[in-house]
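Residue numbers (the working numbering): 3 to 847.
Positions of the beta carbon are idealized from the N, C-alpha and C atoms, including for glycine.
Each remark here refers to the structure printed beneath this line.
In structure tokens:
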């Protein structure tokens with residue numbers, strides 16, 4: 003055979019084409035001699051193609067042995083297989099019955115050259131081998147981690163495959179008629195290759211795939227039902243079974259076929275949890291056992307269909323339909339397990355048997371087996387006839403295959419498990435521009451993972467992530483929302499990369515501890531930060547040996563409560579100077595203490611805080627003693643005619659007694675802490691009670707004001723002492739007398755409407771440089787039965803005894819009188835009249 007005829011490859015079953023294949027004289031210098039490989043639904047195919055250089059003296063050995071193989075890697079090569087068709091021409095038969103070579107044509111297998119090597123020398127030829135892979139095989143060579151938010155499996159597929167400029171044919175329906183593919187809040191590609199990631203999603207969602215080869219290209223075909231599969235080309239739409247008896251027939255056929263039925267799982271139950279519907283039962287069971295014995299084993303699995311509105315739309319978006327999606331995804335798993343139960347494997351000289359197509363089997367002894375099948379997998383080996391005689395190389399074709407009835411749903415088994423994250427990951431909290439906190443009703447936040455090279459460091463960087471706290475209940479518990487820039491640790495529920503949860507917050511160079519360390523290593527607690535400012539609220543526990551304290555403060559008004567060994571805690575600087583022991587409640591603003599049912603302020607201690615919180619037994623005893631003294635003194639005052647039995651101090655004593663009963667209370671089984679049955683304010687000082695102000699003290703009571711002292715009652719005033727009483731003033735001294743002294747000025751006693759009565763058991767002594775007794779109408783001095791009366795008519799002396807008048811000189815001139823001014827000096831008459839008219843006890847002077 004001439005060189006050009008060898009290069010053109012005329013009359014051969016196999017031929018090859020490719021833009022990068024080496025040429026000589028306008029013809030390829032590599033001729034295919036053997037093709038072997040397999041294609042399976044849902045798997046990446048692999049073919050090996052052997053090629054020879056020309057077996058000719060005219061062809062340069064140096065060219066044959068030095069083909070630049072690197073130029074072939076990554077290029078597409080198409081192998082064409084000539085299909086003869088079936089049947090011989092028979093004149094006179096109607097239609098196609100008598101046609102020859104029915105269905106004749108060419109089958110193509112196209113792939114990317116993933117490897118090329120020199121295999122051997124064969125005579126004057128050099129044998130090369132190319133490995134052909136699908137273009138999707140490129141997707142196994144990378145590794146990536148990224149988040150896909152609010153996207154369906156189809157949208158994610160489009161996004162991932164957009165990096166590969168090769169054709170894709172999507173023959174997909176949807177889980178529900180007239181409904182789009184369900185979206186997922188988040189789907190994470192976790193350090194997986196693009197192919198591993200897509201294959202995992204496709205297996206989960208019931209999408210299987212294969213490649214179609216035509217026009218020098220191979221396209222990825224995505225399907226989710228048997229209805230998407232086309233039948234084989236015309237020559238193979240019906241394939242005959244013919245046992246290997248040596249009888250020759252004029253068509254390619256199946257000469258070996260094994261039909262196998264197997265025991266499979268009969269039920270799948272899925273369960274999931276949605277914290278936005280925490281009490282919803284999201285479990286779904288799908289039963290579809292094959293008609294065999296022991297076919298009711300259950301496959302119990304965790305589902306991935308609950309979507310807690312964590313995507314970009316958050317709680318304002320539409321909730322997914324977990325029950326419907328669960329039913330679909332559970333059905334997919336059930337079908338993937340069930341479809342393994344009836345399979346057939348066989349062999350034949352079938353050049354045109356293609357994976358992802360259907361055909362009808364005929365003439366098989368088992369009648370039930372003669373039906374339509376889908377080709378699940380096929381392995382093809384074709385060896386071309388030798389170019390030169392005597393080499394021992396002859397044409398042969400062998401096709402091995404696996405099929406299943408096309409009436410049975412096909413799904414891919416889940417061979418790729420979702421990756422699990424055993425530990426935690428670091429992330430930084432992110433927010434929209436000019437926001438320090440960005441959260442929703444569930445207290446979720448957005449984060450930028452450290453590994454995320456595609457995020458924008460804003461609210462688009464992740465789904466909403468829950469924040470786990472130490473304690474949460476129905477509107478109670480603890481809440482600490484991470485803020486922009488905070489570094490957090492992320493854990494994953496069941497290790498699922500699609501279920502992140504914030505489990506902690508970590509220190510870094512931009513987020514140092516709330517108290518400077520190590521000098522404040524004894525401090526524990528919390529310190530918040532004003533949004534948009536620098537002020538803080540602090541809860542600190544100082545565990546310094548022998549100097550422990552609790553500190554609660556707000557930078558607003560330097561308001562704080564300190565308990566224990568008080569040491570000043572100054573923000574991030576922490577512990578400063580010691581200030582005392584006990585407790586301190588202080589603020590630079592206003593303060594208020596309110597207790598609706600009563601308040602006790604006391605310096606009577608309870609060692610180690612033992613006993614009833616409201617226990618005021620010492621105070622009650624003191625109050626009861628005071629009440630007894632009050633009542634006793636009021637009775638003495640009554641005996642001394644200083645007070646009456648009704649409406650005076652005795653009534654006040656009874657009121658005090660009632661108050662004491664309310665303060666003491668009565669204990670019983672239902673009330674073990676009876677004190678303060680009414681909202682009293684009780685102040686008890688063991689060593690004293692002092693009230694001091696540089697301004698004014700005002701004491702007001704709506705009923706009575708009672709003061710009781712076992713010792714003295716002393717009032718000292720730097721200026722004046724005023725008492726204004728509406729009804730009566732009763733002063734009673736039991737023992738030592740009453741003294742009223744004016745060191746300066748007059749002593750004025752006025753009875754403006756009635757009488758002034760002075761009563762003494764013994765004597766009344768008036769001593770002065772001058773004593774004036776004045777009466778406007780009459781002065782009557784009466785003593786021992788004798789009297790002197792002064793009035794306008796004269797002076798009258800009267801006695802039943804002797805009248806003695808001693809004088810150095812006696813004079814008896816004529817009549818004389820003197821006007822008597824009875825009005826007080828410096829008194830406003832108009833004021834007196836108004837006071838008398840209104841009954842006022844106080845008259846302004």
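- Burial state of residue 43 is buried, judged by a 10 Å Cβ sphere holding 16 or more other Cβ atoms.
- Rounded to the nearest whole angstrom, the C-alpha separation of residue 72 and residue 135 is 16 Å.
- Contact annotation: the stretch 164-175 touches the stretch 212-225, with at least three C-beta pairs closer than 8 Å.
- Looking at the DSSP output, residue 564 sits in a beta bridge with 553, 586.
- Residue 21 places its beta carbon 8 Å or farther from that of residue 112.
- 682 is the residue among 682, 628, 764, 207 whose C-alpha sits nearest the C-alpha of residue 597.
- About 19 Å separates the CB atoms of residue 37 and residue 24; that is not less than 8 Å, and the two are not in contact.
- By the Cβ-count criterion, residue 207 is buried, with 16 or more other Cβ atoms from all chains shown falling within 10 Å of its own Cβ.
- With a threshold of 16 other beta carbon atoms within 10 Å, residue 590 falls short and is exposed.
- The shortest C-alpha to C-alpha distance from residue 407 to any of 251, 687, 346, 194 is the one to 346.
- Annotation: residue 257 is outside any alpha helix (DSSP H); the continuous beta strand (DSSP E) that includes it extends over 256-263.
- Within the same chain, Cβ atoms closer than 7 Å to the Cβ of residue 793 are found at 779, 780, the five residues on either side in sequence being excluded.
- A residue is called buried when at least 16 other Cβ atoms come within 10 angstroms of its Cβ; residue 299 does not meet this threshold and is exposed.
- Going by C-alpha positions, residue 548 is about 12 Å away from residue 524.
- Inclusion of residue 319 and residue 234 in the CB contact set at 8 Å is not warranted, their separation being larger than that value.
- Taking C-alpha positions only, residue 34 is separated from residue 161 by approximately 37 Å.
- Look at residue 593 here: in three-state DSSP terms it is coil, with no helix or strand label.
- Sorting 344, 665, 586 by C-alpha distance to the C-alpha of residue 599 places 665 at the top.
- In summary, residue 811 is exposed, with fewer than 16 beta-carbon neighbours lying within 10 Å of its beta-carbon over all protein chains present.
- With respect to residue 402, residue 213 sits apart: the two C-beta atoms are not nearer than 8 Å.
- The beta carbon of residue 684 is closer than 8 Å to those of 600, 601, 602, 603, 604, 618, 621, 665, 678 in its chain, skipping five residues each way along the sequence.
- Inter-residue distance for residue 271 and residue 198 is about 25 Å (C-alpha atoms, whole angstroms).
- Contact annotation, residue 632 with residue 708: C-beta distance approximately 6 Å; criterion of less than 8 Å satisfied.
- The beta carbons of residue 630 and residue 651 sit about 13 Å from each other, so the pair does not count as a contact at 8 Å.
- Judged by their CB atoms, residue 85 and residue 50 are not nearer to each other than the 8 Å cut-off.
- When DSSP reads this structure, residue 301 sits in a beta bridge with 270.
- For residue 141, there is no enclosing beta strand (DSSP E), as DSSP gives it neither H nor E.
- Following the DSSP letters along the chain, one finds residue 502 inside the beta strand (DSSP E) bounded by residues 502-508.
- For residue 729, DSSP records no beta bridge to any residue.
- For the 8 Å CB-CB criterion, residue 185 and residue 153 form a contact.
- Rounded to the nearest whole angstrom, the C-alpha separation of residue 114 and residue 475 is 59 Å.
- Here the stretch 573-589 lies against the stretch 514-523, with 3 or more beta-carbon pairs under 8 Å apart.
- DSSP places residue 110 in the uninterrupted beta strand (DSSP E) bounded by 107-124.
- Its Cα nearest to that of residue 415, the residue 334 stands out among 334, 264, 527.
- If you look at residue 660, you'll find it in the alpha helix (DSSP H) that goes 651-666.
- Here residue 325 is exposed, its C-beta having fewer than 16 other C-beta atoms within 10 Å.
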